[in-house]
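Residue numbers (this note's numbering), protein chains in the order written: chain A, 26 to 225; chain E, 26 to 225. Glycine residues also receive a C-beta, built at the ideal position from the N, C-alpha and C atoms. One structure is given below, encoded as structure tokens.
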DNA sequence: AAATGATTTAACCATTTGGTTAATTTTTAA
DNA sequence: TTAAAAATTAACCAAATGGTTAAATCATTT
């Protein structure tokens, strides 16, 4: 493991645990077991180190499910597939949502927002939506509000994870299980919302 | 306006904007237009000042909708009413969700979580759920997962607000309008999920 | 008006923090 | 083998930060 890799690994941990303001360069150095000056030698400043981590992590959380989504015909199936794939990632990196959310909420610094690759959604999501809507395969909902809802249902438990764990008294393992079970529940909700009522 | 009130008002702003770690005592003092020493004179420490603000704000975000909810008969109506009332608060205090979420995600300090008054949900929410489930008025969903979903759908747009504003290019006013419209959409989703399929 | 207690201020302090530097060790290349 | 380049370290620095203090001002009571 190179010094640079050790730094990145440690920085990931510390930034994700404490956020930008709460993170300390010394703590990153300690965890990487290197001299603090090395941080600046490799990444110049805290800001630039953070940028590096953020960009890398964004790539993980906004993966290229897009391509695979194309192979699903209907809009409903696409959304269900998205939830499934997305939960694989979320369960593996449960801290990621808070890291992203806390970063984009940083005052006076919306330049991080522009790094979010939201293009993939527009393309496949909306196109497929209007196509299925016209052919009557799905109910007429507001596509934007629906998309935000799916995202919200999916991500929220990971943002409120500390509260959930404390309130219902579960550990990481049990939380993970609960989220695993959640996949089918969410897919069911999506189908119930999107499946048109039978006016026969 | 007393000095104490000026401090609280300023502290609210600064803590909500920057979070605990990002907040500066000097900035709070400046905004309150008082000497920094006054902060400690009235609240001893940053930690205690934050505690005060947090407790006060929690009371706003977790209001006593409970009582009014009792007057609604069915579970579905209760949930819809909850969304309605909750959005009144969220639209008025759009920063609150991030403030709460970022606080409960603070490392090594889960004592804030215990201040969240979640009792109100259990009482009315779950009781009414099982009652309606037995009488076949609602579909059999997982009540816990459903509750988290409703919370998630409701709160998430306020957490991703900066991203939403940037991505679809809207201002505060337009965001507010979008959230106003969202109420009916969410109520609709809830009904679609909960209304049992007709097996006639 | 004088004494008392509460409030406010300016100056100060110790610690922490991100960042730098100059010297040293390790690696690479000639 | 040795000189140059890269990597690493310890010591250091200036600025920022939460917090303190002692003096000053203001309000209240007698």
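Neighbourhood of residue i by C-beta distance below 7 Å, restricted to the same chain and skipping five residues each side
i	result
residue 212 of chain A	105, 108
residue 80 of chain E	140
residue 64 of chain E	32, 50, 53, 54, 74
residue 56 of chain A	35, 38, 39
residue 71 of chain E	50
residue 143 of chain E	none
N-terminal and C-terminal residue of the alpha helix (DSSP H) that residue i is part of
i	result
residue 87 of chain A	Run containing residue 87 of chain A: none; DSSP gives neither H nor E here.
residue 127 of chain A	121 to 129
residue 143 of chain A	First-last for residue 143 of chain A: undefined, no H or E at that position.
residue 33 of chain E	28 to 47
residue 198 of chain A	197 to 219
residue 101 of chain E	100 to 117
residue 190 of chain E	186 to 193
residue 68 of chain E	61 to 68
residue 58 of chain A	Run containing residue 58 of chain A: none; DSSP gives neither H nor E here.
residue 153 of chain A	152 to 159
Whole-Å CB distance - residue i paired with residue j, under 8 Å assumed
i	j	result
residue 176 of chain E	residue 182 of chain E	About 12 Å separates the two Cβ atoms, so there is no contact after all.
residue 45 of chain E	residue 131 of chain E	7 Å
residue 37 of chain A	residue 78 of chain A	6 Å
residue 208 of chain E	residue 217 of chain A	That pair is no contact at about 19 Å.
residue 191 of chain E	residue 138 of chain A	5 Å
residue 100 of chain A	residue 153 of chain A	5 Å
residue 96 of chain A	residue 214 of chain E	Wrong, their Cβ atoms sit about 27 Å apart, outside the cutoff.
residue 166 of chain A	residue 210 of chain E	7 Å
residue 94 of chain A	residue 178 of chain E	About 22 Å; that fails the 8 Å criterion.
Per-residue burial, residue i [other beta carbons within 10 Å of its own, 16 or more giving buried]
i	result
residue 204 of chain E	buried
residue 171 of chain E	buried
residue 69 of chain A	exposed
residue 184 of chain E	buried
residue 193 of chain A	exposed
residue 111 of chain A	buried
residue 26 of chain A	exposed
residue 157 of chain A	buried
residue 103 of chain A	buried
residue 202 of chain E	exposed
residue 150 of chain E	buried
residue 87 of chain A	buried
residue 82 of chain A	buried
Chain-order list of residues whose beta-carbon lies under 8 Å from that of residue i (same chain, five-residue window excluded)
i	result
residue 222 of chain A	164
residue 60 of chain E	54
residue 148 of chain A	91
residue 114 of chain A	85, 86, 88, 121
residue 155 of chain E	168
residue 129 of chain A	135, 137, 138, 141
residue 58 of chain E	31
residue 116 of chain E	201, 204, 205
residue 196 of chain E	190
The ligand ATP heavy atom lying under 7 Å from the CB of residue i
i	result
residue 137 of chain A	You won't find the ligand ATP in this model; it holds no ligand whatsoever.
6 Å Cβ shell around residue i - same chain, five flanking residues per side excluded
i	result
residue 39 of chain A	48, 52, 53
residue 120 of chain E	41
residue 145 of chain A	91
residue 180 of chain E	122
residue 124 of chain A	41
residue 126 of chain E	none
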